[in-house]
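**Student:**
Numbering (my numbering), first residue to last: 3 to 287.
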């Protein structure tokens with residue numbers, strides 16, 4: 003499992019000259035997730051923080067709400083064709099309570115069976131039914147009221163960038179950062195990098211679950227991408243009231259933000275940003 007890979011590239015210059023050099027590209031490998039003996043999904047991801055990735059994904063799917071809902075995540079069963087262990091299969095053993103609840107409902111919640119392959123660019127496109135896309139969070143969001151200053155939020159992308167070593171060496175990876183807003187300056191709790199933006203978010207939310215920090219009612223989730231429907235949904239499932247993105251939101255993200263009360267921030271870069279939903283959390287001058 004490699005987070006980055008060295009490769010030989012041909013560089014075409016403006017003067018028509020061609021040169022070769024060694025460059026680094028971000029690692030991308032499949033991860034098959036099984037719930038017991040049931041195949042759940044296969045996703046493409048950048049190796050690293052795989053336990054957190056699995057926890058965050060299951061949280062976002064509404065299957066678990068706490069780390070104690072998972073007894074074990076076993077990565078020892080994945081094998082390459084030559085018999086070499088590859089750690090690309092995660093077999094999840096759910097707690098008896100969660101397993102019983104799923105069994106009583108006939109398995110996974112209706113529509114949540116996933117098609118076998120999910121690309122690194124899509125978090126919900128493997129979901130078998132549209133009705134399963136919008137989920138109910140176990141962690142209701144706090145009532146929107148002022149709790150962050152605009153000038154401080156503008157700093158978040160730059161703070162996160164300093165903690166993105168793979169981006170610095172490959173230039174081809176997303177990141178998500180979790181910031182806690184207290185009485186003073188925001189505290190960066192963790193940063194995760196992944197070729198998929200939704201994977202990076204799952205990793206930081208899974209980390210927070212392992213640390214028993216849910217709900218994240220005083221946190222801002224900063225992402226290096228656009229703000230999509232799935233990212234707003236994932237934030238809400240962990241009780242995160244604010245999602246900040248460096249690029250634009252989608253219409254579905256804005257609609258969901260208004261519906262759930264998630265503050266959706268877009269174009270957070272170069273000292274300015276737009277607020278598309280729940281602006282009440284913004285402290286004005």
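Note that CB positions come from ideal geometry on N, CA and C, so glycine has one too.
Assuming residue 251 and residue 268 form a contact by the criterion Cβ under 8 angstroms, report the distance between their Cβ atoms to the nearest whole angstrom.
**Tutor:** The pair is a contact, with the Cβ atoms about 5 angstroms apart (cut-off 8 angstroms).
**Student:** Counting pairs of beta carbons, one from the region 149 to 161 and one from the region 16 to 29, are three or more of them closer than 8 angstroms?
**Tutor:** With a cut-off of 8 angstroms, the region 16 to 29 and the region 149 to 161 do not count as touching, because too few Cβ pairs lie within range.
**Student:** In the DSSP assignment, what residue or residues form a beta bridge with residue 40?
**Tutor:** Paired residues: 37.
**Student:** Alpha carbon to alpha carbon, how far is residue 182 from residue 224?
**Tutor:** Going by the C-alpha atoms only, they are around 11 angstroms apart.
**Student:** With DSSP as the reference, please indicate the residues paired to residue 182 in a beta bridge.
**Tutor:** The partner list for residue 182 (beta bridge, DSSP) reads 189 and 221.
**Student:** Pull up the distance between the alpha-carbon of residue 243 and that of residue 145, whole angstroms please.
**Tutor:** Rounded to the nearest angstrom, the two C-alpha atoms are 9 angstroms apart.
**Student:** Would you call the region 186 to 194 and the region 226 to 242 touching, i.e. three or more CB-CB distances under 8 angstroms?
**Tutor:** Touching, no, given that fewer than three Cβ pairs across the two stretches are closer than 8 angstroms.
**Student:** Whole angstroms are fine: how far does the CA of residue 286 sit from the CA of residue 1?
**Tutor:** An answer regarding residue 1 cannot be provided, because it is not within the stretch 3 to 287 covered by the chain.
**Student:** What residue range does the beta strand (DSSP E) around residue 161 cover?
**Tutor:** No beta strand (DSSP E) holds residue 161; the alpha helix (DSSP H) holding it covers 158 to 163.
**Student:** Per DSSP, residue 47 forms a beta bridge with which residues?
**Tutor:** DSSP lists 31 as partners of residue 47.
**Student:** Does the Cβ of residue 210 have 16 or more other Cβ atoms within 10 Å, making it buried, or fewer, making it exposed?
**Tutor:** That one is buried.
**Student:** Give the DSSP-derived three-state secondary structure of residue 195 in the structure shown.
**Tutor:** Residue 195: strand per DSSP, three-state reduction.
**Student:** Helix, strand or coil for residue 246, going by three-state DSSP, please let me know.
**Tutor:** Correct three-state label for residue 246: strand.
**Student:** By Cβ distance below 7 angstroms, which residues in the same chain neighbour residue 89 in space, the five residues on each side in sequence not counted?
**Tutor:** Answer for residue 89: 3, 77 and 80, listed in chain order.
**Student:** So for residue 60, helix, strand or coil by DSSP?
**Tutor:** In this structure, residue 60 counts as helix in the three-state DSSP scheme.
**Student:** Can the beta-carbon of residue 249 be found closer than 8 angstroms to that of residue 177?
**Tutor:** No.
**Student:** Counting along the chain, where does the alpha helix (DSSP H) carrying residue 232 start and finish?
**Tutor:** Element bounds for residue 232: 231 to 239.
**Student:** Which residue marks the beginning of the alpha helix (DSSP H) containing residue 259, and which one marks its end?
**Tutor:** First-last of the alpha helix (DSSP H) with residue 259: 253 to 262.
**Student:** Are there 16 or more other CB atoms within 10 angstroms of the CB of residue 265, so buried, or fewer, so exposed?
**Tutor:** By the 10 Å Cβ count, residue 265 comes out buried.
**Student:** For the region 199 to 208 against the region 49 to 64, do three or more pairs of beta-carbon atoms, one drawn from each stretch, fall closer than 8 angstroms, so that the two count as touching?
**Tutor:** Verdict: yes, contact present.
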